[in-house]
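In this text, residue positions in the sequence shown follow our numbering: the first is 952, and each later residue adds one.
Even glycine gets a Cβ: it sits at the ideal position worked out from N, Cα and C.
Fair warning: this is a prediction, and the values are worked out from it, not measured in the lab.
The structure under discussion appears below in the form of structure tokens.
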Amino acid sequence: MNNNYQEAFEKTRSAGIIAAGALNEVEKIIKPGIRTDQIDKLCYEYINDHDAYSAPLFYRGFPKSCCTSTNHVVCHGIPSNKILQDGDILNVDVTALKDGWHGDTSKTFEVGKVSVKAKKLVKTSYQALMNAIEIVKEGVCLGDIGSTIQNFVEAEGFSVVQDFCGHGIGRLFHQEPNILHYGKKGTGEKLKAGMIFTIEPMINFGNYETKILKDGWTAVTKDKSLSAQFEHTIGVTKEGYEIFTLPNIKN
Ligand code: MF3
Ligand code: CO
Ligand code: CO
């Protein structure tokens, strides 16, 4: 992997820009009254129009092109005729497969005017992701990433979901290593330049425990408290990191 990861970085960047671009378009249509399947359609079309494929569609039987997770839904919510309400928080998770490589990113949006507590949860989950990304470089270990997230989130009075994690990504959607969002500093595998993976902490207002609904996909907080998440696909370099899932503002 160390010998010449330039191609992997370039292709992941191309996929990542498309995924991020889709989220940018989603942001423009989010408002009370729209259905989550309208967001799905937008993602499907945007990604197709950019000569890429929506990786979630038919992935292990998943029926839609993106995940839409509202309020107490932690992740993997299935787009449907559900109508967004003023005050909801909504995570949209998009993955583009372009030229054989994946780019995976998600954001939590505020629908209309949300409560002060929801705002704080959303802000904390974004900051948890960015704090973790900022420490990434060759030689840092996985436990440093997990502990950075966990320490920050728990100090804010929230909890970190343990049932889902970030993941290596590349030609495969999900691959080694697992990127846990909790853990102990100085433990676990050491990062090497050329590694590509996601960081995607899910942060709960209440307890960290989750359960899966009968549809086999939708993960919710057991205590029905709010949950928020942000995700980027990043690459490790000798000096630091590259975030692949930022929108290209020229697009
Ligand atoms: N994009 C999700 C992740 O961050 C995975 C979605 S898999 C699906 O890993 F099948 F639910 F779409
Ligand atoms: Co992911
Ligand atoms: Co994702």
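Exercise. With distances taken from CA atoms, which of 1027, 1021, 1146, 1047 is nearest residue 1041?
Worked result: 1021
Problem set entry | Residues that DSSP places opposite residue 1141 in a beta bridge | 1092
Exercise. When the distance is taken between beta carbons, is residue 1196 closer than 8 angstroms to residue 1056?
Worked result: yes
Exercise. Alpha carbon to alpha carbon, how far is residue 1033 from residue 1050?
Worked result: Inter-residue distance for residue 1033 and residue 1050 is about 33 angstroms (C-alpha atoms, whole angstroms).
For this session: Report the three-state DSSP secondary structure of residue 1082 (helix, strand or coil).
Result: helix
Exercise. Hey, out of 984, 987, 1047, 981, whose CA is closest to residue 1007's CA?
Worked result: 1047
Exercise. Is residue 1059 near ligand 1, with its Cβ less than 7 angstroms from a heavy atom?
Worked result: Every heavy atom of ligand 1 is 7 angstroms or more from the Cβ of residue 1059, so no.
For this session: Could you spell out the range, first to last residue, of the alpha helix (DSSP H) harbouring residue 979?
Result: 957-980
For this session: Please list, in chain order, all residues of the same chain as residue 1002 whose beta carbon is under 8 angstroms from its beta carbon, the five residues on each side excluded.
Result: The residues are 1049.
Problem set entry | Sequence ranges, beta strand (DSSP E) only - wholly within the region 984-1047, length at least 3 | 1018-1021, 1024-1026
Exercise. With burial defined as no fewer than 16 other Cβ atoms inside 10 Å of the residue's Cβ, what is the status of residue 983: buried or exposed?
Worked result: exposed
For this session: Starting from the N-terminal side, write out each stretch of the beta strand (DSSP E) that is 3 residues or longer and does not extend beyond the region 1129-1189.
Result: 1147-1150, 1153-1155, 1161-1163, 1170-1172, 1178-1180, 1183-1187
Exercise. Taking C-beta to C-beta, are residue 1102 and residue 1116 nearer than 8 angstroms?
Worked result: no
For this session: Check whether the Cβ of residue 1190 sits closer than 7 angstroms to any heavy atom of ligand 1, and report yes or no.
Result: no
Exercise. What does residue 1056 pair with, by DSSP beta-bridge criteria?
Worked result: 1045
Exercise. Rounded to whole angstroms, how far is the Cβ of residue 1104 from the Cβ of residue 1075, which I believe are closer than 8 angstroms?
Worked result: 6 angstroms
Exercise. Would DSSP call residue 1061 helix, strand or coil?
Worked result: strand
Problem set entry | Residues proximal to ligand 2 by C-beta, any heavy atom closer than 6 angstroms | 1055, 1118, 1149, 1151, 1182
Exercise. Does DSSP put residue 1120 in a helix, in a strand, or in coil?
Worked result: coil
Problem set entry | Per DSSP, cross-strand counterpart(s) of residue 1073 | Paired residue(s): none; residue 1073 is not in a bridge.
For this session: With a cut-off of 8 angstroms on the beta carbons, I'd call residue 1024 and residue 1170 a contact; round off their distance for me.
Result: 7 angstroms
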